[in-house]
Ligand SMILES: Cc1cc2nc3c(=O)[nH]c(=O)nc-3n(C[C@H](O)[C@H](O)[C@H](O)COP(=O)(O)OP(=O)(O)OC[C@H]3O[C@@H](n4cnc5c(N)ncnc54)[C@H](O)[C@@H]3O)c2cc1C
Ligand code: FES
C-alpha cells in the first residue's frame with residue numbers, strides 16, 4: 055500500500071563519482087517492496103512537492119526494516135538528495151508501482167542500461183543470480199560503477215558505447231545470436247534502449263518485461279502526468295507500471 059513516511063537516513067555511500075547509495079529505515083517499505091517497485095523521495099522541508107523524485111528500490115531487508123536506493127546526480131532533486139547526511143529525515147512515498155514477474159520461463163536474463171540496473175539488482179536479490187546479465191555504459195568513466203555492480207552480480211557482462219571498457223557495443227548486443235525461445239528478459243534502462251531491444255528481439259522472445267521511465271508528478275495515479283499509450287489503452291506508468299510486457303507498449307508513440 056502506498057503511504058507517506060518520514061524516515062531516517064542510515065547510511066550513505068558514493069559508489070562511484072556522482073552515484074550514491076542511500077539506506078533508509080522504513081519497516082513497512084522494507085517488508086512490502088518488491089523488484090520493480092519504486093519510491094518517491096524528497097528531502098524533508100524542501101519547499102516544492104515537485105522535488106519528489108522517483109527512484110527504484112535497490113534492495114530491502116525486512117528483518118532490519120531497511121531498504122536502499124541508488125541514484126545518479128542529474129539535476130536539482132538528486133543534487134539535494136546527494137547532500138543529505140545520515141541521521142537526517144527524508145520524506146518517502148511508497149512502495150509505488152508493480153513488480154517484475156511472474157516470468158513465463160525458468161531462465162531469466164537481465165539487460166540494463168546504466169542506472170537501470172537498480173530494480174534488476176533487487177530482482178537478483180529475491181530470485182538469485184541471472185542466467186545472463188548484460189550491462190551497458192557509455193565509457194570507462196563508468197568503471198567504479200561497473201565494478202560496484204560486478205561486486206553484487208558477478209555474472210554481469212559489460213558493454214560500453216566506445217569500447218573503452220568491456221565489449222564495444224550496447225547491452226542489448228549481448229542477446230545477438232542467442233536462443234531466446236525459453237528465456238524471459240527483465241529489462242531496465244533508457245526508453246530508446248528498450249525500444250531498440252524490442253525492435254530487434256521482440257519476435258524471438260515471448261516474455262520481455264520492461265520497466266519504463268517517465269517523469270512523475272504525484273506517483274499515486276491521480277495526476278495522469280505519466281501516461282503512456284499501450285495496446286490495451288492509456289496506462290499510468292506510476293501505478294499500472296512501471297513494468298510492462300514490451301509487446302503491450304506502443305513504442306512508436308512513446309515519447310523517448
Ligand atoms: C520509475 C522510475 C524509477 C527510477 N529509478 C531511478 C533510479 O533507481 N536511479 C536513478 O538514478 N534514477 C532513477 N529514475 C530517474 C530519476 O527519477 C531522475 O533522474 C530524477 O527524477 C531526476 O531529478 P532531478 O531533480 O535531479 O533532475 P531534473 O532537474 O528534474 O532533471 C534533470 C534531467 O533528468 C531528466 N529526468 C528527470 N526526471 C526523469 C525521469 N523520471 N525519467 C527520466 N529522466 C528524467 C530530465 O529530463 C533532465 O534531463 C527513475 C525514474 C522513474 C520514472
Ligand atoms: S505520476 Fe501522477 S498519475 Fe502517475
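Numbering (our numbering), first residue to last: 55 to 310. Backbone N, C-alpha and C define an ideal beta-carbon position, used for all residues, glycine too.
Using the Cβ count rule (16 or more neighbours within 10 Å means buried), how would you classify residue 210? buried
Report yes if the C-beta distance between residue 89 and residue 208 is below 9 Å; otherwise report no. no
Cα-Cα, which of 279, 280, 148 and 298 is closest to residue 286? 298
Looking at the structure shown, is residue 215 part of a helix, part of a strand, or coil, going by DSSP? coil
Leaving out five residues on either side along the sequence, give the residues of the same chain with a beta carbon under 6 Å from the beta carbon of residue 73. 126 and 199
Whole-angstrom Cβ separation of residue 180 and residue 218, contact assumed at under 8 Å? About 33 Å separates the two Cβ atoms, so there is no contact after all.
Which of the three DSSP states, helix, strand or coil, is assigned to residue 293? coil
Chain-ordered residues, beta carbon under 7 Å from a heavy atom of ligand 2: 270, 271, 272, 273, 274, 275, 276, 277, 278, 279, 280, 290, 291, 292 and 293
What are the partner residues of residue 73, as DSSP defines its beta bridges? 70 and 126
Run of the beta strand (DSSP E) containing residue 240, from where it starts to where it stops: 237-242
Ordered list of alpha helix (DSSP H) runs contained in the segment 129-211, each at least 4 residues: 130-136, 171-181 and 197-206
Just mark residue 176 as buried or exposed, buried being the case when its beta carbon has 16 or more other beta carbons within 10 Å. buried
Output yes if chain B places a C-beta closer than 9 Å to the C-beta of residue 141; else output no. Looking for chain B here will not work: only one protein chain is present.
Look up residue 232 in the DSSP assignment and say whether it is helix, strand or coil. coil
Secondary structure at residue 107, three-state DSSP: helix, strand or coil? strand
Is residue 237 near residue 261, with beta carbons less than 9 Å apart? yes
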